[in-house]
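Data block below; observations after.
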Amino acid sequence: MKFFVDTGNIGEIRELQEAGLIDGVTTNPSLVLKADRPIKELLEEICEVTDGPVSGEVASLELDDMMREGKILSDIAPNIVIKLPLTLPGLKACKRFTEQGLKTNVTLCFSANQAILAAKASATYISPFVGRLDDTNINGMDLIADIRRIYDNYSFETQILAASIRTGNHVREAALVGADVVTVPAATLKALVKHPLTDKGLKSFVADWKSTGQTIK
Ligand code: G3P
8 MKFFVDTGNI
18 GEIRELQEAG
28 LIDGVTTNPS
38 LVLKADRPIK
48 ELLEEICEVT
58 DGPVSGEVAS
68 LELDDMMREG
78 KILSDIAPNI
88 VIKLPLTLPG
98 LKACKRFTEQ
108 GLKTNVTLCF
118 SANQAILAAK
128 ASATYISPFV
138 GRLDDTNING
148 MDLIADIRRI
158 YDNYSFETQI
168 LAASIRTGNH
178 VREAALVGAD
188 VVTVPAATLK
198 ALVKHPLTDK
208 GLKSFVADWK
218 STGQTIK
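So for the sequence shown, our numbering puts the first residue at 8; every next one is plus one.
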């Protein structure tokens, strides 16, 4: 399973990239707002830090405008993935960009039927939002499992990019049900390393090593 970091914060991306923990980056309009930077400049800098896939989202809702914006975003760097909303114009734009050899990420997916349409439109990635479904008392991970089964039934090549991932449990469950990618906020991703028994064990190893009076040289 691949790990993308869901952020517009260059410092976070740089740190995780240096640690070898991420395969790519996803952004969205809310993350651009949080970064408080012009979108082109931001995506350009992200693409300098990583050569993995970097999703940048179009802002318009009309097909022609999406096509224009997607082209501008894809011209930033070869690893840009054009992120499009799961609407009819978004799917049309997806098909056209795919025909042009560009990578796409269809976002705001909340049903298996929407995911089927994204695969029919030859999306590179489909982004089902797990946490936001959980917020409505629907198990978001069931959607990932349904899409996995459907895509496998028909050998659809669209990759399942589990989004709106908020907890370590989400990451584990996404891996168990076969998501191709999870996109995770930096803090959630870094927290995956933590385990109280690791901390406890390390504390006693450090103390015992000190008692040996040795140094490794
Ligand atoms: O990738 C989409 C993600 O950023 C949404 O996350 O936590 O705002 O639902 P959240």
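Beta carbons: idealized from backbone N, C-alpha and C, even for Gly.
Everything numeric in this text was worked out from a predicted model, so none of it was measured.
Taking 4 residues as the shortest admissible run, the stretch 127-173 contains the following complete alpha helix (DSSP H) segments, listed from N- to C-terminal end: 137-141, 147-161. Its chain contains Leu93 as the residues whose beta carbon lies nearer than 7 Å to that of Gln121, once the 5 sequence neighbours on both sides are disregarded; these appear in chain order. Separation of Ile154 and Gly97 (C-alpha to C-alpha, rounded to the nearest whole angstrom) is 19 Å. At least one heavy atom of ligand 1 is found less than 7 Å from the C-beta of Thr33. For Asn146 and Thr219, the gap between their C-alpha atoms comes out near 52 Å.
Taking 8 Å as the cut-off, the beta carbon of Ile87 is found closer than this to the beta carbon of Val61. Within the same chain, and ignoring the five residues on either side of Ala130 in sequence, the residues whose Cβ sits closer than 6 Å to its Cβ are Cys101, Thr111, Val113, Thr165. Non-local beta-carbon contacts of Ala84 in its own chain, meaning distances under 6 Å to residues more than five positions away in sequence, involve Cys54 in chain order. By the neighbour-count criterion, in which 16 or more other beta carbons inside 10 Å mark a residue as buried, Lys90 falls on the buried side.
Leaving aside the five residues that flank Val56 on each side, the residues in its chain whose CB is nearer than 7 Å to its CB run, in chain order, Ile17, Ile20, Arg21, Gln24. Ser67 sits in coil when the DSSP states are folded into three classes, being neither helix nor strand. In the structure shown, the three-state DSSP call for Thr94 is coil. DSSP links Phe10 through a beta bridge to Val189. The three-state secondary structure of Lys201, taken from DSSP, is coil.
In the same chain as Pro192, and ignoring 5 residues on each side of it, the C-beta atoms closer than 8 Å to its own belong to Val12, Asp13, Thr14, Ile172, Arg173, in chain order.
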